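Residue 818 is where the sequence shown starts when you use this note's numbering, and the numbers rise one by one after that. Each residue gets a CB set at the ideal place from its N, CA and C atoms; glycine is no exception. Computed from a predicted model, the values in this text were never measured in an experiment.
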Amino acid sequence: QASGIPLISYDREVLIQIMINLIENSIKFGRKSTTKQIIITVDSLDQYIRIAVSDTGPGIPRHALKKIFDDFYRVDNDLTRLTGGTGIGLALVKKFITAMGGSVYAVNNAGPGCTITLLLHS
Numbered sequence: 818q819a820s821g822i823p824l825i826s827y828d829r830e831v832l833i834q835i836m837i838n839l840i841e842n843s844i845k846f847g848r849k850s851t852t853k854q855i856i857i858t859v860d861s862l863d864q865y866i867r868i869a870v871s872d873t874g875p876g877i878p879r880h881a882l883k884k885i886f887d888d889f890y891r892v893d894n895d896l897t898r899l900t901g902g903t904g905i906g907l908a909l910v911k912k913f914i915t916a917m918g919g920s921v922y923a924v925n926n927a928g929p930g931c932t933i934t935l936l937l938h939s
């Protein structure tokens, strides 16, 4: 247990799948960026555990920040046309997190990339 971060009790396999989906997304869409970096942070926020996955990829168009969690939604641009995929990975993340009573959201970073944040009750 990290200092100051409470223990949480959720399905281990589901949490692993959530993290795999988030990290795979960061890798897939960050391939062409000159700085390849993924940062995962975990901290405590009020009654929540906050897990954030940040990358240095191209970011997400502003109009799509909420849509990326919809079933089969894929941003339509040159990069997504080249990378393939079904558009289900982030939708599954949202379904899992919501089923666990939490929430998920995405924001673009001040520099390159974006951050996807999970909030789970501690």
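Just mark residue i as buried or exposed, buried being the case when its beta carbon has 16 or more other beta carbons within 10 Å.
i	result
SER871	buried
ILE963	Only positions 818 to 939 of the chain appear in this structure, which leaves residue 963 out of reach.
LYS911	buried
LEU862	exposed
THR903	exposed
LYS843	Before going further, note that residue 843 is Ser rather than Lys in the sequence given. Buried, since its Cβ has 16 or more Cβ neighbours within 10 Å.
What do you reckon, are the CB atoms on residue i and residue j nearer than 8 Å?
i	j	result
PRO823	SER939	yes
LEU839	ILE933	yes
ILE835	ILE914	yes
LEU882	ALA923	yes
Name the one or two DSSP bridge partners that residue i has.
i	result
SER861	ILE866
ASN842	Partner(s): none; ASN842 has no beta bridge.
Ordered along the chain, which non-local residues of its own chain (more than five positions away) have a Cβ less than 6 Å from that of residue i?
i	result
LYS907	According to the sequence shown, residue 907 is Leu rather than Lys. So the list reads ILE885, PHE886, once near-sequence residues are dropped.
TYR827	MET917
Grab me the residues of residue i's own chain with a C-beta within less than 8 Å of its C-beta, minus the 5 sequence neighbours each way, in chain order.
i	result
PHE889	THR903, GLY904, ILE905, ALA908
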